[in-house]
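J.: Just so we're on the same page, our numbering is the position in the sequence shown counted from 1, plus 2.
Glycine included, C-beta positions come from ideal geometry on N, C-alpha and C.
Here the structure is a predicted model, which is why all the values come from computation and not from measurement.
The structure follows.
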Amino acid sequence: MRKFNIRKVLDGLTAVSAVASASSAAQQQQAGNRETEIQETLQSEHFQLCKTVRHGFPYQPSALAFDPVQKILAIGTQTGALRLFGRPGVECYCQHDSGAAVIQLQFLINEGALVSALADDTLHLWNLRQKRPAILHSLKFNRERITFCHLPFQSKWLYVGTERGNIHIVNVESFTLSGYVIMWNKAIELSSKSHPGPVVHISDNPMDEGKLLIGFESGTVVLWDLKSKKADYRYTHDEAIHSVAWHHEGKQFICSHSDGTLTIWNVKSPTKPFQTITPHGKQLKDGKKPEPCKPILKVEYKTTRAGEPFIILSGGLSYDTVGRRPCLTVMHGKSTAVLEMDYSIVDFLTLCETPYPNDFQEPYAVVVLLEKDLVLIDLAQNGYPIFENPYPLTIHESPVTCCEYFADCPVDLIPALYSVGARQKRQGYSKKEWPISGGNWGVITQSYSEIIITGHADGSIKFWDASAITLQVLYKLKTAKVFEKSRNKDDRPNTDIVDEDPYAIQIISWCPESRMLCIAGVSAHVIIYRFSKQEVTTEVIPMLEVRLLYEINDVETPDGEQVPPVPTPGTGSNPQSIVPQSHPSTSSSSSDGLRDNVPCLKVKNSPLKQSPGYQIELVIQLVWVSGEPPQQITSLAINSAYGLVVFGNCNGIAMVDYLQKTVLLNLGTIELYGSNDPYRREPRSPRKTRQPSGGMLTVASCMCGLSNLYSESVKKLRTSYISLCDINEGTVVPEDRCKSPTSDVKDNSFSRSRSSSVTSIDKESREAISALHFCETFTRKADTSPSPCLWVGTTLGTVLVIVLNLPPGGEQRLLQPVIVSPSGTILRLKGAILRMAFLDTTGSLVPPAHETWREHHEDKDEKEKAKKRRPVSVSPSSSQEISENQYAVICSEKQAKVISLPSQNCIYKQNITETSFVLRGDIVSLNNSICLACFCANGHIMTFSLPSLRPLLDVYYLPLTNMRIARTFCFTDNGQALYLVSPTEIQRLTYSQETCENLQEMLGELFTLVETPEAPNRGFFKGLFGGGAQSLDREELFGESASGKASRSLAQHIPGPGGIEGVKGAASGVVGELARARLALDERGQKLGELEEKTAAMLYSADSFSKHAHEMMLKYKDKKWYQF
3 MRKFNIRKVL
13 DGLTAVSAVA
23 SASSAAQQQQ
33 AGNRETEIQE
43 TLQSEHFQLC
53 KTVRHGFPYQ
63 PSALAFDPVQ
73 KILAIGTQTG
83 ALRLFGRPGV
93 ECYCQHDSGA
103 AVIQLQFLIN
113 EGALVSALAD
123 DTLHLWNLRQ
133 KRPAILHSLK
143 FNRERITFCH
153 LPFQSKWLYV
163 GTERGNIHIV
173 NVESFTLSGY
183 VIMWNKAIEL
193 SSKSHPGPVV
203 HISDNPMDEG
213 KLLIGFESGT
223 VVLWDLKSKK
233 ADYRYTHDEA
243 IHSVAWHHEG
253 KQFICSHSDG
263 TLTIWNVKSP
273 TKPFQTITPH
283 GKQLKDGKKP
293 EPCKPILKVE
303 YKTTRAGEPF
313 IILSGGLSYD
323 TVGRRPCLTV
333 MHGKSTAVLE
343 MDYSIVDFLT
353 LCETPYPNDF
363 QEPYAVVVLL
373 EKDLVLIDLA
383 QNGYPIFENP
393 YPLTIHESPV
403 TCCEYFADCP
413 VDLIPALYSV
423 GARQKRQGYS
433 KKEWPISGGN
443 WGVITQSYSE
453 IIITGHADGS
463 IKFWDASAIT
473 LQVLYKLKTA
483 KVFEKSRNKD
493 DRPNTDIVDE
503 DPYAIQIISW
513 CPESRMLCIA
523 GVSAHVIIYR
533 FSKQEVTTEV
543 IPMLEVRLLY
553 EINDVETPDG
563 EQVPPVPTPG
573 TGSNPQSIVP
583 QSHPSTSSSS
593 SDGLRDNVPC
603 LKVKNSPLKQ
613 SPGYQIELVI
623 QLVWVSGEPP
633 QQITSLAINS
643 AYGLVVFGNC
653 NGIAMVDYLQ
663 KTVLLNLGTI
673 ELYGSNDPYR
683 REPRSPRKTR
693 QPSGGMLTVA
703 SCMCGLSNLY
713 SESVKKLRTS
723 YISLCDINEG
733 TVVPEDRCKS
743 PTSDVKDNSF
753 SRSRSSSVTS
763 IDKESREAIS
773 ALHFCETFTR
783 KADTSPSPCL
793 WVGTTLGTVL
803 VIVLNLPPGG
813 EQRLLQPVIV
823 SPSGTILRLK
833 GAILRMAFLD
843 TTGSLVPPAH
853 ETWREHHEDK
863 DEKEKAKKRR
873 PVSVSPSSSQ
883 EISENQYAVI
893 CSEKQAKVIS
903 LPSQNCIYKQ
913 NITETSFVLR
923 GDIVSLNNSI
933 CLACFCANGH
943 IMTFSLPSLR
953 PLLDVYYLPL
963 TNMRIARTFC
973 FTDNGQALYL
983 VSPTEIQRLT
993 YSQETCENLQ
1003 EMLGELFTLV
1013 ETPEAPNRGF
1023 FKGLFGGGAQ
1033 SLDREELFGE
1043 SASGKASRSL
1053 AQHIPGPGGI
1063 EGVKGAASGV
1073 VGELARARLA
1083 LDERGQKLGE
1093 LEEKTAAMLY
1103 SADSFSKHAH
1113 EMMLKYKDKK
1123 WYQF
């Protein structure tokens, strides 16, 4: 597949073949005589594609770092990503080009810089002084593997430990190696014949920078004298070391070992540990050693002025605690607290009041990075409560199965959702402010509100406030609580059609104006919700069951795109259910025959208390028919003005009046065609009984629609010709039961072109309902005025129109039936229909009619008033003159058409892609105009003007590497789009030039000017007798003049792409800090000089006073007191 660079398409030029262009131009010319010319305002220069922000928990985290002065947290991942967090709302995402795992992160504290060490043995220096951090320098090690790094506070020399046991020193200003190297064979005793293993720890003595503590994996620890270039002490232990930590006074250090023990060593007593602790070991009688425990992976030793020190560790549990969750242990004095975590601990850091290692640390919190969560523990409060996490890190709480994105929502919607969501918050959090508080917010340039809705595998739905490139959870709805839950797998009903996650959400249909919500789930269930601010108790949950199972003969494709003659309007009927041949029963025959008329899930029969927020209006379930399971739902639409919901699958379509709680329409797909089926299919007669066939391949729809595409069996069986259409029509799977919708399989087969011939597999496929759209438009060629109707799109590229005859509003709406009838209108496109929309004569979008929201549970007087109200229709067509027309915009997975109504002439056509297929198409508004936005399986994002379908943007963005992207990609108004980039993260992007230009202002700043805290006071006696911290001139030791040049073959320097701003920022970093330190020393020296002069003056004054006093004494020595 050829990759294209980002490019814009000039106005008037098409991205398809010359033949298509010619036909399109001819059609435009032909139509120009009879259609009104619409002035289009969108041009290529209005479009530009760029990523904006990434939300969610960093996927597969591997490293953690914290800047205690700037109060910024950094997390590295196994895929080379870097996520930086400041105060809530200040986040940043960066990516290492190599994609190698981040093994360690080190902040240059209060410098606005960060060093990352990667698994491919490269070091990178990031400049954080710009809104989008960039790499300034990189250093690639060629002969040694990096295992550990250490950068002392306010130093420019980075210690790098390797797998061979050597330590190299890197100048972080120039990112070059020093000639000073600590070789492993010099560090350990010469008598030792074995290699000490990789370096697992490096740190300098808090009180003496000239002494370096080196921990080797085998259990050897060495205190190295940097000046004399030899080992002062060697400490040997027979258990492997995982981590080492100093006491701040530099007289003791603690090691954690692989047998679950901690050893505390006095620096000057290398022969044996001062103390050995087994935090989770069972103490045995007779003084025997405790039983070995699991390795303690990390330990930290933090001191306080007022009380006992804290020893904090991860791991170390005894081996008999099988099934116990991972723990963080906090030892403080005689108390030991074991804090259980939900996921494995990746790393943890203790947050302290001071950045200086030689002062009392005063720990106040612990940041714990888990495999799928970030937890902050408050050390200052009893019971160690956790802080309430303000970041949007719970997107993946249950795996995301679908996504919808809404921009420019009604202004009262976010406050309404927030007010009901605020009641769902947990209690018992720490009372303190969130301690990660660095950075500054960006400037908000967007005035409109945005909402993201995520559907999850456990049946939950989350509403997120996504306004102004931030993300905050507003409200969570649990759809599964309406169903009876089985306590264990044995109790589960045998009517399930999925092995796992029977409540998983597949499709979300939401009307922001009326706040009506409708969801379709994996167990062929649909639930309609109404928003209310009042709590209610529903005695009996309203429920409907629908039989929808039909069968057809093999498909015969009609030639070309000939539209059959429009039939005379007929009325729909409810035919008998017909059992499909291609579906063997998923259950063995029972004594009472085949499973029939039973839904997959059981609705609760007890009263249901419903909190303020979304409350159940109606539950609809498809049922088993003669031993055949219901097919999963492929499309869904709700309309609040009509009070209708419609859904379809690969068998047919059903429409429900949710106000009267009745089924209005229940038709097989071929019944919609009437006598004008272009495929000439006929229903087969139902069979009373059938034997389950064990060996044949069966058609079973897994996660249908877009979410269906990631079934592993698809990859195995349909690699040569696969498209979205194929999956919508039915996926070939070798098992009766479907895969879990949360399984995630990488599949690269989607970029391949689909075979145009009808293969044997295609013949097995059925025509599924793939798109539904309620509207008020012209349904037939002879219509003189628009009327309510439903447009139905199928996976075989057919569009059918159903007429809706609605009773008057108020009380009549609840008493008289809604009459539904096919119009006979049939339109055809290539590929499955994805999206439909309607334009008025000015080219403006005609949104579906809707009601405005009002409280449903109101007083009787209010209800009387409500009966007199009519639903609000925002459709301009209702007030248009008869002579004016509309335009239908239809997008399929292959092409787009604009059809004039009521004449039904195709006035514009655009073949979007020949070799690939469109995964998502949306008709969106931008810059007071509208366009069609498409995302193709070959990775291209394209936009087309409306109604002329001129290409405006064609950008190669990302290939479809897995089906998570296909399942979640969506466009919305104002040039916004998003998709789930990993199982835990949402990536937002924009295709608007204006938003791209304003993005820099909207992004937050990570680095802010903060004064470094004052160094700890050495005290009078320490200064007098030489105690306190000993400084070291590292430049003198590690500089080129002293240690020479490092071997060129050892590491290669690579200049980074960071801009001038970055270079200036870094240059003013460490060097600036050193200059400030020197200036401070000069000022201190000057002040000391002035003090010395004052002292000398006082001494002189005291001396002269002494002389005068002596003279006076002599003068009056012999006189009596009365002679004075």
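Here's the rule I'm using: 16 or more other beta-carbon atoms within 10 Å means buried, otherwise exposed. How should residue 857 be labelled?
T.: Along the sequence shown, read from residue 1 onward, the residue named residue 857 stands at position 855. Exposed, since its Cβ has fewer than 16 Cβ neighbours within 10 Å.
J.: Between the alpha carbons of residue 581 and residue 54, how many angstroms are there, rounded?
T.: Within the sequence shown, the letter at position 579 stands for residue 581. Within the sequence shown, the letter at position 52 stands for residue 54. Confidence is the limiting factor: at residue 581 the pLDDT is only 29, short of 50, which leaves the residue's position unreliable and the question unanswerable from this model.
J.: What is the DSSP secondary structure of residue 983, reduced to helix, strand or coil?
T.: Translated into positions along the sequence shown, residue 983 becomes position 981. Reduced to three states, the DSSP call for residue 983 is strand.
J.: Looking at the secondary structure, which residues open and close the alpha helix (DSSP H) in which residue 187 lies?
T.: Start at 1 with the first residue of the sequence shown, and residue 187 comes out as number 185. Residue 187 -> alpha helix (DSSP H) spans 186-189.
J.: Evaluate the contact criterion for the segment 358-370 versus the segment 407-427: three or more CB pairs, one atom per stretch, below 8 Å.
T.: At 8 Å Cβ cutoff, the stretches do not touch.
J.: Going by beta carbon distance, what residues of the same chain come within less than 8 Å of residue 1039, once the five residues before and after it are set aside?
T.: Looking up residue 1039 in the sequence shown gives position 1037. Once the five neighbours on either side are set aside, the close Cβ partners of residue 1039 are 182, 228, 229 and 1045.
J.: How would you write the range of the alpha helix (DSSP H) that residue 1040 sits in, first residue to last?
T.: Counting from one through the sequence shown, the residue named residue 1040 turns up at place 1038. Looking at the DSSP string, the run of the alpha helix (DSSP H) that includes residue 1040 is 1036-1040.
J.: For residue 1127, count neighbouring C-beta atoms within 10 Å of its own C-beta (all shown protein chains included) and say buried if the count is 16 or more, exposed if not.
T.: Since the first residue of the chain shown is 3 and the last is 1126, residue 1127 is not available in this structure.
J.: Would you mind reading off the limits of the alpha helix (DSSP H) that contains residue 965?
T.: Position 963 of the sequence shown, counted from the first residue, corresponds to residue 965. It spans 965-970 - the alpha helix (DSSP H) in which residue 965 sits, taken as one unbroken run.
J.: Using 8 Å as the cut-off, can you tell me whether the segment 89-97 makes contact with the segment 143-154, which would need three or more C-beta pairs spanning the two stretches below that distance?
T.: The answer is no - the segment 143-154 does not touch the segment 89-97, with fewer than three Cβ pairs under 8 Å.
J.: Would you tell me roughly how many angstroms separate the C-alpha atoms of residue 979 and residue 444, rounded to the nearest one?
T.: Residue numbering aside, residue 979 sits at position 977 when the sequence shown is read from its first letter. Residue numbering aside, residue 444 sits at position 442 when the sequence shown is read from its first letter. Those two C-alpha atoms are separated by around 20 Å.
J.: Exposed or buried, residue 677, counting other C-beta atoms within 10 Å across all chains shown (16 or more means buried)?
T.: As a position in the sequence shown, residue 677 is number 675, starting the count at 1. Flag for residue 677 reads exposed.
J.: How long is the line joining the alpha carbons of residue 226 and residue 291, rounded to whole angstroms?
T.: On the sequence shown, position 224 is the one that residue 226 refers to. On the sequence shown, position 289 is the one that residue 291 refers to. Those two C-alpha atoms are separated by around 32 Å.
J.: To the nearest angstrom, how far is it from the Cα of residue 620 to the Cα of residue 639?
T.: Translated into positions along the sequence shown, residue 620 becomes position 618. Translated into positions along the sequence shown, residue 639 becomes position 637. In a straight line, the C-alpha of residue 620 is about 15 Å away from that of residue 639.
J.: So the alpha helix (DSSP H) residue 384 belongs to, where does it begin and stop?
T.: For the purposes of this step, residue 384 is identified with residue 382 of the sequence shown, where counting begins at 1. It is not in any alpha helix (DSSP H) - residue 384 carries neither H nor E in the DSSP assignment.
J.: Suppose you measure from the CA of residue 801 to the CA of residue 116; what does that come to, to the nearest Å?
T.: Mapped onto the sequence shown, residue 801 falls at position 799. Mapped onto the sequence shown, residue 116 falls at position 114. Going by the C-alpha atoms only, they are around 56 Å apart.
J.: To the nearest angstrom, how far is it from the Cα of residue 732 to the Cα of residue 399?
T.: Residue mapping note: residue 732 aligns to position 730 of the sequence shown, counting from 1. Residue mapping note: residue 399 aligns to position 397 of the sequence shown, counting from 1. Only weak support is given to the placement of residue 732: the predicted model assigns it a pLDDT of 34, under 50, and the question is left unresolved by the model.
J.: Can you name, in chain order, every residue of its own chain whose Cβ lies under 6 Å from the Cβ of residue 143, other than the five neighbours on each side?
T.: Taking the sequence shown and counting its residues from 1, one reaches residue 143 at position 141. Answer for residue 143: 123 and 1053, listed in chain order.
J.: Per DSSP, what kind of secondary structure is residue 136 in: helix, strand or coil?
T.: Taking the sequence shown and counting its residues from 1, the one referred to as residue 136 is at position 134. Three-state DSSP puts residue 136 in a strand.
J.: Out of curiosity, what's the CA-to-CA distance linking residue 819 and residue 545?
T.: One-based indexing of the sequence shown puts residue 819 at position 817. One-based indexing of the sequence shown puts residue 545 at position 543. Answer to the nearest angstrom: the Cα atoms are 19 Å apart.
J.: Which runs of the beta strand (DSSP E) fall wholly inside the segment 145-228 and span at least 3 residues, in chain order?
T.: Entirely contained in the segment 145-228, the beta strand (DSSP E) runs reaching 3 residues are, in chain order, 148-152, 159-164, 169-173, 178-184, 201-207, 210-218 and 222-227.
J.: Do residue 669 and residue 659 have their C-beta atoms closer together than 8 Å?
T.: Residue mapping note: residue 669 aligns to position 667 of the sequence shown, counting from 1. Residue mapping note: residue 659 aligns to position 657 of the sequence shown, counting from 1. Not in contact: residue 669 and residue 659 (Cβ atoms no closer than 8 Å).
J.: Determine the burial state of residue 509: buried for a count of at least 16 other Cβ atoms within 10 Å of its Cβ, exposed for fewer.
T.: Counting from one through the sequence shown, the residue named residue 509 turns up at place 507. Buried, by the Cβ-count rule.
J.: Assign residue 211 to buried or exposed, taking buried as 16 or more other Cβ atoms, counted over all protein chains shown, within 10 Å of its Cβ.
T.: To locate residue 211, count along the sequence shown from 1; it is residue 209. Result: buried.
J.: Classify residue 111 as helix, strand or coil using the three-state DSSP reduction.
T.: Numbered from 1 along the sequence shown, position 109 holds the residue referred to as residue 111. Looking at residue 111 - three-state DSSP - the assignment turns out to be coil, as it is neither helix nor strand.
J.: In its own chain, which residues sit with a C-beta less than 6 Å from the C-beta of residue 976, not counting the 5 before and 5 after it?
T.: As a first step, residue 976 is located in the sequence shown; it is residue number 974 there, counting from the start. If we look at residue 976 and ignore the five residues flanking it on each side, its Cβ neighbours are 409.
J.: What are the residues that DSSP puts in a beta bridge with residue 774?
T.: For this step, residue 774 is matched to residue 772 along the sequence shown. Answer is 794.
J.: Quick check on residue 367: does DSSP put it in helix, strand or coil?
T.: Counting from 1 along the sequence shown, the entry for residue 367 is found at position 365. Note: residue 367 maps to strand in three-state DSSP.
J.: Give me the Cα-Cα distance between residue 1050 and residue 180, rounded to the nearest whole angstrom.
T.: Sequence index remark: in the sequence shown, residue 1050 carries index 1048 (1-based). Sequence index remark: in the sequence shown, residue 180 carries index 178 (1-based). Straight-line Cα distance between these residues: approximately 11 Å.
J.: If I measure Cβ to Cβ from residue 524 and keep anything under 7 Å in the same chain, skipping five residues before and after, which residues do I get?
T.: The count along the sequence shown starts at 1 and reaches residue 524 at position 522. Excluding residues within five positions, the ones whose Cβ falls inside 7 Å are 500, 503, 504, 506, 508, 634, 705 and 743.
J.: Taking the C-alpha atoms as reference points, what is the distance between residue 134 and residue 983?
T.: To locate residue 134, count along the sequence shown from 1; it is residue 132. To locate residue 983, count along the sequence shown from 1; it is residue 981. Those two C-alpha atoms are separated by around 19 Å.
J.: Alpha carbon to alpha carbon, how far is residue 86 from residue 119? Give it in angstroms, no decimals.
T.: Taking the first residue of the sequence shown as 1, we reach residue 119 at position 117. Taking the first residue of the sequence shown as 1, we reach residue 86 at position 84. Taking the straight line joining both Cα atoms gives about 16 Å.
J.: By Cβ distance below 8 Å, which residues in the same chain neighbour residue 388 in space, the five residues on each side in sequence not counted?
T.: The residue you call residue 388 lines up with position 386 of the sequence shown. Same-chain partners within the cutoff: 377, 378, 379, 380, 431 and 432.
J.: Would you kindly check if the distance between the Cβ of residue 609 and the Cβ of residue 537 is under 8 Å?
T.: Position 535 of the sequence shown, counted from the start, is the residue given in the question as residue 537. Position 607 of the sequence shown, counted from the start, is the residue given in the question as residue 609. Not closer than 8 Å, so no.
J.: So which of 317, 514, 306 and 293 has the shortest CA-CA distance to residue 300?
T.: Taking the sequence shown and counting its residues from 1, the one referred to as residue 300 is at position 298. Out of 317, 514, 306 and 293, 317 has the C-alpha closest to the C-alpha of residue 300.
J.: Using the beta-carbon count (16 or more within 10 Å), is residue 154 buried or exposed?
T.: Position 152 of the sequence shown holds residue 154. Result: buried.
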